[in-house]
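Student: I have a structure here, written as structure tokens, and I will follow up with some questions on it.
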Amino acid sequence: MHSCNIYCYSLDNWGIIKLRKTILVFSLAILFCSITLGQKHLTRYDETFKKYTKRFFGPGFDWKIFKAQGIAESQLAPDAVSQVGARGIMQLMPSTFQEVKSKNPDFTAIEDPEWNIGAGIYYDRTMYNGWKEIKDDTEKLRFTFGSYNAGRGTIMKAQTKAKMDSLDHTAWKSISNVAHKVPKWRYKETLNYVENISKCHQEIKK
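Going by the working numbering, the first residue of the sequence shown is number 342, and it counts up by one from there.
What follows is the structure in structure tokens.
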């Protein structure tokens, strides 16, 4: 769950002024998704994403948002392994996979693309359920993906900072505004991650 590390960190290290860097992040996120989707991944694993989105989020929920997450995590590479040991398409830590497996015994192997996707979407659901006070679905998904990447506790710390600044703690924009105030959080990675999923999702929907 430490997604696009090289991609995001390279953006952070360019030293370009903030406005231009933001534009570049958005543009490269679109280019990143276009290149990925333009190759062999156009419909890869679609049925699996549909299956587990329906299973854990119900009929009619947009499965493409989770495919966008898979692209942001690993470019849909089933053998992807991060520097910290996160594995597979959805970049799950082995301990997280075991936790999910305890609730879903049919998820037998983290290396299997189907079980990895299924476990990732199940974990998304647990994060999603934790943000009941957020009523807007789009906002709730941003908090879900932020939690997936950085941990729910980290996002809650950011909410506390937002409240202290009299900001709406249920708005992701507020989290973005105070993220730099949360100690030991590599917040740029998380903010880029959430934005990249959004941009990839827009590309997939075209």
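Every residue gets a Cβ at the ideal spot worked out from N, C-alpha and C, and that includes glycine.
Tell me the rounded alpha-carbon separation between Lys547 and Lys405.
Tutor: One-based indexing of the sequence shown puts residue 547 at position 206. One-based indexing of the sequence shown puts residue 405 at position 64. Taking the straight line joining both Cα atoms gives about 11 angstroms.
Student: State the beta-bridge partners of Leu433 as determined by DSSP.
Tutor: By 1-based counting over the sequence shown, the position of residue 433 is 92. DSSP output for Leu433 lists Arg428 as bridge partner(s).
Student: Along the chain, where does the alpha helix (DSSP H) containing Asp465 start, and where does it finish?
Tutor: As a working note, residue 465 is residue 124 in the sequence shown. Pro454 to Asn470 is the span of the alpha helix (DSSP H), which, as asked, contains Asp465.
Student: In three-state terms, what does DSSP make of Val422?
Tutor: In the sequence shown, counting from the first residue as 1, residue 422 sits at position 81. DSSP places Val422 in strand when its eight states are reduced to three.
Student: Taking the alpha-carbon of Tyr534 as reference, which of Trp513, Lys525 and Glu388 has the nearest alpha-carbon?
Tutor: Locating residue 534 in the sequence shown gives position 193, counting from the first residue. Residue Trp513 is the option with its Cα nearest to Tyr534.
Student: Less than 8 angstroms between the beta carbons of Ile462 and Tyr393, yes or no?
Tutor: As a working note, residue 462 is residue 121 in the sequence shown. As a working note, residue 393 is residue 52 in the sequence shown. Against a cut-off of 8 angstroms, the Cβ pair of Tyr393 and Ile462 comes out as a contact.
Student: Considering only residues of the same chain and omitting the five flanking positions on each side of Phe397, which have a CB-CB separation below 6 angstroms?
Tutor: Position 56 of the sequence shown, counted from the first residue, corresponds to residue 397. Answer for Phe397: Ile462, Tyr463 and Arg466, listed in chain order.
Student: Please report the distance separating the alpha-carbon of Ile430 from that of Tyr489.
Tutor: On the sequence shown, residue 430 is found 89 positions in, with the first residue counted as 1. On the sequence shown, residue 489 is found 148 positions in, with the first residue counted as 1. Taking the straight line from one Cα to the other gives about 14 angstroms.
Student: Determine the direct distance from the alpha carbon of Asn445 to that of Lys540, and round the result to whole angstroms.
Tutor: Residue 540 sits at position 199 when you count from the first residue of the sequence shown. Residue 445 sits at position 104 when you count from the first residue of the sequence shown. Computed Cα separation, rounded: 31 angstroms.
Student: From Thr485, Ala520 and Arg493, pick the residue whose C-alpha is nearest to that of Lys502; which is it?
Tutor: Here residue 502 refers to the residue found at position 161 when the sequence shown is read from its first residue. Nearest of Thr485, Ala520 and Arg493 to Lys502, Cα basis: Ala520.
Student: Check whether chain C comes within 8 angstroms of Glu530, counting only Cβ atoms and requiring the distance to be less than that.
Tutor: Judged by its chain identifiers, the structure shown contains no chain C, having just a single protein chain.
Student: By Cβ distance, which residues of its chain are closer than 6 angstroms to Gly487, with the 5 residues on each side in sequence left out?
Tutor: The residue given as residue 487 occupies position 146 in the sequence shown. The residues are Ile496, Thr531 and Val535.
Student: Can you tell me whether DSSP reads Ser507 as helix, strand or coil?
Tutor: Reading the sequence shown from its first residue, position 166 is the one you call residue 507. Note: Ser507 maps to coil in three-state DSSP.
Student: Can you tell me where the alpha helix (DSSP H) holding Asp387 begins and where it ends?
Tutor: In the sequence shown, the residue the question calls residue 387 occupies position 46. Per DSSP, Asp387 belongs to the alpha helix (DSSP H) from Asp387 to Phe398.
Student: Nearest to Ile475 by CA position, among Arg483, Glu440 and Thr511, is which residue?
Tutor: The count along the sequence shown starts at 1 and reaches residue 475 at position 134. Among Arg483, Glu440 and Thr511, the Cα nearest to that of Ile475 is on Thr511.
Student: What is the residue span of the alpha helix (DSSP H) that Lys525 lies within?
Tutor: As a first step, residue 525 is located in the sequence shown; it is residue number 184 there, counting from the start. Neither: Lys525 is in no alpha helix (DSSP H) and is coded neither H nor E.
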